[in-house]
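My numbering runs 20 ahead of the 1-based position in the sequence shown.
The structure appears right after this line, and notes come after that.
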Amino acid sequence: MRIERPMTPNLPEGKWALFLDIDGTLLEHAAHPDSVSVSNELRQLMQTMERRLDGAVAFVTGRSVSAVDRLFDPLKMRVAGLYGLEHRLTSDGPVEAADEPADIAALADEVEAELGKGVYVERKGPVLALHTRAAPHLLARATVLVEKALDRLPRGYRVIPGNAGVELMPLEAAKGAAIRRFMEIPPFVGRRPVFLGDDTSDENGFETVNGEDGISIRIKPRGPTAARHVIADVTDAIAWLQANFGDPARQAGRDAAE
């Protein structure tokens with residue numbers, strides 16, 4: 021049974037492993053994925069959290085690893101990209117990338133021709149994302165197009181509706197599986213997982229973390245969620261991360277100022 025609990029814990033000192041979605045969790049959504057930017061404060065927080073957790077911090081995101089690197093440049097973090105279809109298991113290690121199949125490329129061309137410029141069609145290797153934030157009236161049509169495509173694509177694809185768009189992806193693209201892969205290797209192994217996300221595609225990750233007696237947190241939930249805790253918005257999510265995993269001296273100074 022999926023439940024909502026309107027409280028977010030202050031975590032005690034311990035061996036934690038932190039997994040983070042990006043869009044809608046660390047950054048506000050934009051009409052186009054390339055329209056967002058990362059502040060120096062967020063980069064500094066990521067570095068601080070990685071240092072305090074001995075490297076047990078990873079992005080688990082629908083973005084590709086290369087897109088994450090461009091966004092957070094010059095930082096290089098551990099990343100599960102494309103919902104776990106791509107990985108960089110160490111910050112300085114190689115990227116296990118995923119190519120775009122020909123049938124997905126053809127479908128992307130068809131959708132662009134059908135929907136025009138109102139919908140941004142993001143090609144992410146084997147994942148096809150249709151962003152309708154700039155044209156919400158086209159969401160229903162975009163969803164129908166990708167659902168109909170399932171009948172002619174090879175078996176093993178699924179459609180995931182989102183807050184402002186829809187995605188088509190292989191069944192093996194699952195954030196929970198990506199989290200489990202990290203949890204089997206140093207420095208994550210033996211730690212208790214924490215996962216923050218904001219969308220339907222994060223629910224699988226929440227369920228995985230719950231099964232490991234971890235902390236699952238959904239940002240600005242819309243309807244039922246498997247997450248056991250909720251946070252109101254991106255600003256509060258950043259504040260929670262700072263309070264629990266950031267620089268204690270900086271947080272103390274902020275509290276005194278308030």
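A virtual CB, placed ideally from N, CA and C, is assigned to each residue, including glycine.
According to DSSP, residues forming a beta bridge with residue 43: As a first step, residue 43 is located in the sequence shown; it is residue number 23 there, counting from the start. Note: residue 43 sits in a beta bridge opposite 47.
Flag this pair as yes or no: are the beta carbons of residue 147 and residue 105 separated by less than 8 Å? As a first step, residue 147 is located in the sequence shown; it is residue number 127 there, counting from the start. As a first step, residue 105 is located in the sequence shown; it is residue number 85 there, counting from the start. Yes, Cβ-Cβ distance for residue 147 and residue 105 is below 8 Å.
Under a three-way DSSP split, which group does residue 172 fall into? Looking up residue 172 in the sequence shown gives position 152. The answer is coil: DSSP assigns residue 172 none of H, G, I, E or B.
Can you name the start and end residues of the alpha helix (DSSP H) that residue 225 belongs to? The count along the sequence shown starts at 1 and reaches residue 225 at position 205. Here the alpha helix (DSSP H) through residue 225 covers 223–231.
Rounded to whole angstroms, how far is the Cβ of residue 45 from the Cβ of residue 239, which I believe are closer than 8 Å? Within the sequence shown, the letter at position 25 stands for residue 45. Within the sequence shown, the letter at position 219 stands for residue 239. Yes, residue 45 and residue 239 are in contact; Cβ-Cβ is about 5 Å, under 8 Å.
Which word fits residue 190, buried or exposed, when buried means at least 16 other C-beta atoms lie within 10 angstroms of its C-beta? Within the sequence shown, the letter at position 170 stands for residue 190. The residue is buried, with at least 16 neighbouring Cβ atoms inside 10 Å.
Nearest candidate by alpha-carbon position, reference residue 204, set 33, 37, 29, 54: Within the sequence shown, numbered from 1, the residue matching residue 204 stands at position 184. In terms of Cα proximity to residue 204, the closest of 33, 37, 29, 54 is 37.
Please classify residue 238: does DSSP put it in a helix, a strand, or coil? To locate residue 238, count along the sequence shown from 1; it is residue 218. Here DSSP, grouped into helix, strand and coil, assigns residue 238 to strand.
How about residue 82 and residue 221: are their beta carbons less than 8 Å apart? Counted from its first residue, the sequence shown places residue 82 at position 62. Counted from its first residue, the sequence shown places residue 221 at position 201. Residue 221 is positioned such that its CB atom lies closer than 8 Å to that of residue 82.
Helix, strand or coil at residue 23 according to DSSP, with G and I counted as helix: Here residue 23 corresponds to residue number 3 of the sequence shown, with the count starting at 1. Only weak support exists for where residue 23 lies, its pLDDT of 41 falling under 50; the value from the coordinates is given anyway. Correct three-state label for residue 23: coil.
Measuring straight from C-alpha to C-alpha, what distance separates residue 273 and residue 195? Working through the sequence shown from its first residue, we reach residue 273 at position 253. Working through the sequence shown from its first residue, we reach residue 195 at position 175. Confidence in residue 273 is poor, its pLDDT being 42 and thus under 50, which makes the residue's placement too unreliable to answer from.
Beta-carbon within less than 6 Å of residue 215's beta-carbon, same chain only, minus the 5 sequence neighbours each way: which residues are those? Within the sequence shown, the letter at position 195 stands for residue 215. 39, 225, 229, 236, listed in sequence order.
Is residue 246 helix, strand or coil when you go by DSSP? Translated into the one-based positions of the sequence shown, residue 246 becomes position 226. Coil at residue 246, not helix or strand.
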